[in-house]
Amino acid sequence: MAIAFVVLSTGAILRSLAGLREVVTGGGLVRAVAQRLNAALDHEWPVPQHPRQATVAPPAPLTGSGDIAASRHGIVQRVDGRAIVAIAARCDIHVTCLVGVGSFVEAGAWLFRITPAPPSAADIRRLTRAVRVGPSRHIEHDPAYGLRLLVDVAIRALSPAVNDPTTAVQAIDQIETALLRIATRPLGTTTLHAHDGTIRLTILRPDWTTLLDLALAEILLYGADALQIHRRLRALLNTLTDTCPPSRAAALPPTKPSSTAPPTPFQTRPWSASPPSPTLRASAAPTRTTDARPAPEPALHHPEEDAARDR
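Heads up, the sequence shown is in my numbering, so the first residue is -13 and it goes up one at a time.
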């Protein structure tokens, strides 16, 4: 019995160590972050099944007395849209959330703008509790933070101290999957409706161009000398161009530069620029010059010394 217990315990420990090794490696970390990122996308930025048209437009913006401030400082971890919409529908108001998930707010900074009139003090407290503020960001309610972590893994793998472009390519694989899923979802300033179709909440989300810059700009910067990174980024851009909706594909940089259409701010980045080939690098490298020194004079031979040496 004791022997069986020792064998089972040893097997459990070895299995735990094997699972821990899978998580702490670069590829395992990338897969773990990507899994949580995909879950956050489905929960926080779902694909609209039946887009609802607003039957009642929100009132005109109000300044001053309609603003609600934060009671503490920290990172905005979550904005509970359903709770805010329910409160706004009960009070017959429109709420504009002035902060986005993942942003830092100070105590006293404005969280909401209420129109046409502020609700009661109890409802103001309920609205404030719908915005969770904490010390750090969480992937579960902040998909952009998941992209940020994948980018961090990639640029650390590309650092001279690590020099692991394979792990960076694995991170780019997951970034491509995330961007393909994000491309079909509403981004930027988004409105949420009550059951009667009335717009009750306007919430801030990152737009498509911001997410592209977050996902790709730093990887291109730190992987400028890595051929694997350039090949993988070019394949990623080709896939996004062929798969994304036309409105989103228009923001992507062209694989072949065009002189007819003016570039967008995002397209001005050198996405399609290929790194110089090794031949060009060798031809562009400065040649090493040697000091001009006079040739050594030939040695003089004496026949008597040669004959004595032979003897």
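We put the beta carbon where it would ideally sit given N, CA and C, even for glycine. These figures come from a predicted structure and were not determined experimentally.
| Check | Outcome |
| --- | --- |
| Leu207 vs Ile189 beta-carbon contact at 9 Å | no |
| Sequence ranges, alpha helix (DSSP H) only - wholly within the region 171 to 221, length at least 4 | 194 to 208 |
| Nearest-angstrom Cα separation, counted from Cys77 out to Ala130 | 32 Å |
| Alpha-carbon to alpha-carbon, Leu(-6) and Trp31 | 44 Å |
| Best match in Ala116, Ala74, Leu136, Ala(-2) for proximity to Gly183 [C-alpha to C-alpha] | Ala74 |
| Span of the alpha helix (DSSP H), counted from its first residue to its last, around Gly120 | From DSSP, Gly120 is part of no alpha helix (DSSP H) but of the beta strand (DSSP E) over 117 to 120. |
| Given Leu27 as reference, the closest of Glu126, Pro105, Val62, Gly52 once Cα atoms are compared | Glu126 |
| Burial state of His80, where buried means 16 or more other Cβ atoms lie within 10 Å | buried |
| In DSSP terms, what His80 is bridged to | Thr101 |
| For Asp53, the residue or residues it bridges with in DSSP | Arg99 |
| Exposure of Pro146, with buried meaning 16 or more beta-carbon neighbours within 10 Å | exposed |
| Distance CB(His59)-CB(Val91) smaller than 9 Å | yes |
| DSSP-derived helix/strand/coil call for Arg111 | helix |
| Straight-line Cα distance separating Leu113 from Arg191 | 19 Å |
| Val87 burial status per 10 Å Cβ neighbour count (16 or more: buried) | buried |
| Buried versus exposed call for Leu213 [16 or more other C-beta atoms within 10 Å across all chains shown] | exposed |
| Residue from Ile70, Ala203, Ile(-11), Leu223 whose Cα sits closest to the Cα of Val137 | Ala203 |
| Three-way DSSP call (helix, strand, coil) for Gln63 in this model | strand |
| Residue closest to Val117, alpha-carbon to alpha-carbon, out of Ala95, Arg134, Ala235 | Ala95 |
| Under the three-state DSSP convention, the category Val139 falls into | helix |
| For Val155, three-class secondary structure by DSSP | helix |
| Ser233: first and last residue of the uninterrupted alpha helix (DSSP H) it sits in | 232 to 235 |
| Outcome for Val317 when other beta-carbon atoms lying within 10 angstroms are tallied against a minimum of 16 | Limits of the chain in this structure are -13 at one end and 297 at the other, which puts residue 317 out of reach. |
| Which of helix, strand or coil DSSP assigns to Val16 | helix |
| CB contact flag (Ala55, Leu97, <9 Å) | yes |
| Exposure of Ala157, with buried meaning 16 or more beta-carbon neighbours within 10 Å | buried |
| Simplified DSSP state of Ala(-10), which is helix, strand or coil | helix |
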